[in-house]
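Colleague:
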Amino acid sequence: MTKGGIYIPESARQEKKEGVVIAVGTFEDGKELPLKKGDRVIYGGYQSDEIEIDDEKYLFVDFKDILATIAKE
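This note's numbering puts the last residue of the sequence shown at 1433; the count rises by one with no breaks.
1) Express the C-alpha separation of D1415 and G1364 in angstroms, rounding to a whole number.
2) Is D1425 helix, strand or coil by DSSP?
3) Would you list the one or two residues that DSSP bridges to D1389?
4) Let me check understanding here. Comparing Cα to Cα, which of Y1367, I1368, E1375, G1379 lies closest to A1431?
5) With DSSP run on the structure shown, which of helix, strand or coil describes L1395?
6) For E1388, which option in E1433, K1424, T1429 has the closest C-alpha, if you only look at C-alpha atoms?
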């Protein structure tokens, strides 16, 4: 139950994950994304493509699924 009284079933809740940006593309119109290599981010969403290179897993995450950037100390 949310603070506003809305019930969200467990199956509909999205798990939040943390990651580090290793590369950044552009918006469809060519504009730069407000992220840069090395940024730590929190992201959600169910869809992301995963690849493995040299036993290291990498995810392609849509910008719309980036929830926050974690400030550097």
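Glycine is no exception: its CB is placed at the ideal position from the N, C-alpha and C atoms.
Modeller: From the atom records:
1) 44 Å
2) helix
3) None; D1389 has no bridge partner.
4) G1379
5) coil
6) K1424
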